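Novice: The following block contains the structure, expressed as structure tokens.
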Amino acid sequence: MPVYNESANLRALWSRLEPVMTGLGRACEAVFVDDGSADDSLEILRGFAADDPRVKVVELARNFGQHSALLAGFRNCSGDIVVTLDADLQNPPEEIPKLVAAIDAGNDVVGGWREERQDRTYRRLASRLHNRVTSAIVGVPMHDYGCMLRAYRRHIIDTVVECDEKAAFVPALANTFAKRVTEIPVEHAERAAGESKYNLFSLAHLSLNLITGFSMLPMRALSLTGIGIFLLDAIFAMLLMAHRLIYGAQQEGALWTLFAVLFFFIGLVFLALGLIGEYVGRIYIEVRRRPTYIVRAVHRGDGDEHATPRPPG
Ligand code: UDP
Ligand code: MG
């Protein structure tokens with residue numbers, strides 16, 4: 031759970047989460063990541079940890095943002111199944127057993143789907159667009175990429191951590207590594223106390239991160255635009271030539287010719303930008319170092335299974 035200035039919600043959260051954890055009937059831990067809160071969230075969390083050995087509090091040095099906090103949590107948790115949720119009680123902890131059951135049923139990633147979302151209208155509309163775009167570029171259609179009530183299998187978490195991306199959008203990244211992904215409807219509540227930490231600007235920032243993090247389309251659009259301009263310009267030049275042959279030289283002919291020449295160079299500039307973009311894109315893909323494949327196990331006739339060694343770190 032990423033926590034940023036949630037002191038008004040934490041006690042209620044823990045009082046609801048604790049019985050759910052006990053009710054699961056298996057070993058589990060609660061990892062809170064304090065994302066540089068300025069209120070007394072950290073003190074409250076440390077109080078929980080003092081009272082209950084299942085609580086772990088990761089204190090970040092300053093505010094790094096929700097997704098970075100999630101990654102910090104991933105690095106500091108040890109379960110075979112990892113569940114994420116918001117700390118503002120918008121994601122009811124009582125839904126956790128459903129997610130865990132869906133993982134037990136064989137899924138690698140289980141997303142919560144807030145069918146009845148309790149947020150402002152502009153958030154819901156922005157989110158609908160966001161889910162369409164994300165589904166398209168990740169290639170895994172989901173109704174709700176924004177819901178943080180999600181469950182992941184260990185190997186997915188390990189791979190996400192191993193990627194160590196600086197601007198990761200966790201649900202999308204995780205889906206690119208999963209074989210079986212499912213979505214189950216979950217309840218969604220209004221924020222119990224306090225204000226959302228996101229405004230329209232930070233949401234747009236998140237979406238841009240996502241688009242540039244998963245697709246080369248924006249940059250490829252440059253070369254395509256260049257080629258489009260070339261084609262139009264060729265048609266334009268031919269029309270000009272035909273016009274001249276049929277009607278002879280005209281006074282404003284030179285002006286039109288100049289336009290044709292101008293568009294040729296504009297097309298060239300777009301194409302050049304697109305080509306540079308292609309190279310930058312290749313560098314980007316290389317430095318990002320996402321795994322090209324993940325081996326889960328090697329099977330042999332003698333029944334021996336050899337899981338891949340865990341990534342270091
Ligand atoms: N959060 C965080 N760091 C931030 C912003 C938010 O850890 O910089 C946490 C916040 O405490 C909450 C979760 O991320 O547990 C979701 O934030 P919020 O409720 O503000 O987002 P919304 O529900 O409006 O999308
Ligand atoms: Mg919230």
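The numbering of the sequence shown is our numbering, which starts it at 31 and goes up by one. Glycine included, each C-beta is placed from N, C-alpha and C at the ideal position. Note that the coordinates shown come from a computational prediction; the quantities given were computed from them, not determined experimentally.
(1) Around the Cβ of M51, are there at least 16 other Cβ atoms within 10 angstroms (buried) or fewer (exposed)?
(2) Assuming I186 and F199 are in contact, meaning their beta carbons sit under 8 Å apart, how far apart are those beta carbons, in whole angstroms?
(3) Assuming contact is defined by CB atoms lying nearer than 8 Å, are A222 and A91 in contact in what I supplied?
(4) Just the Cα atoms here: how many angstroms apart are Y228 and A234?
(5) What residues in its chain sit with their C-beta under 8 Å from that of F293, if we drop five residues either side in the sequence?
(6) Spatial neighbours of M172 within its chain, please: CB distance less than 7 Å, with the 5 preceding and 5 following residues excluded, ordered by chain position.
(7) Pop quiz: I133 and A181 are said to be a contact at Cβ under 8 Å. What is the actual Cβ separation, rounded to whole angstroms?
(8) Taking 7 Å as the cut-off, is the C-beta of Q148 nearer than that to any heavy atom in the ligand PLP?
(9) Consider the C-beta atom of D134 and the heavy atoms of the ligand MG; say whether any pair is separated by less than 7 Å.
(10) Measuring only from the beta carbon, is R46 closer than 7 Å to any heavy atom that is part of the ligand MG?
(11) Would DSSP call I324 helix, strand or coil?
(12) Check whether the region 46 to 64 touches the region 79 to 94, taking contact to mean three or more Cβ pairs, one atom from each stretch, closer than 8 Å.
(13) Exposed or buried, what is T322 when buried is set at 16 or more other beta-carbons lying within 10 Å of its beta-carbon?
(14) Please name the residue in F295, V211 and T255 whose C-alpha comes closest to that of A135.
(15) The ligand UDP and Y152: does the residue's C-beta get closer than 7 Å to at least one heavy atom of that ligand?
(16) Out of G109, G55, S71 and G77, state which residue places its alpha-carbon closest to the alpha-carbon of A117.
(17) Around the Cβ of E36, are there at least 16 other Cβ atoms within 10 angstroms (buried) or fewer (exposed)?
(18) Any idea which residues DSSP pairs F62 with across the strands?
Specialist: So, to answer that:
(1) Flag for M51 reads buried.
(2) No, I186 and F199 are not in contact; Cβ-Cβ is about 14 Å, not under 8 Å.
(3) Against a cut-off of 8 Å, the Cβ pair of A91 and A222 comes out as no contact.
(4) Rounded to whole angstroms, Y228 to A234 spans 10 Å at the Cα level.
(5) Counting only Cβ-Cβ distances below 8 Å, and skipping sequence neighbours, we find I259, L262, D263 and F266.
(6) Closer than 7 Å at the Cβ level, and outside the excluded window around M172, lie G141, N161, S165 and E213.
(7) With a Cβ gap of about 5 Å, I133 and A181 count as contacting.
(8) This structure simply doesn't include the ligand PLP; it includes the ligand UDP and the ligand MG instead.
(9) No, the beta carbon of D134 sits no closer than 7 Å to any heavy atom of the ligand MG.
(10) No, the beta carbon of R46 sits no closer than 7 Å to any heavy atom of the ligand MG.
(11) In the structure shown, the three-state DSSP call for I324 is coil.
(12) At 8 Å Cβ cutoff, the stretches touch.
(13) That one is exposed.
(14) In terms of Cα proximity to A135, the closest of F295, V211 and T255 is V211.
(15) In terms of side-chain proximity, the C-beta atom of Y152 is found no nearer than 7 Å to any non-hydrogen atom of the ligand UDP.
(16) With distances taken between Cα atoms, A117 lies closest to S71.
(17) Answer is buried; the Cβ neighbour count reaches 16.
(18) Its beta-bridge partners are V87.
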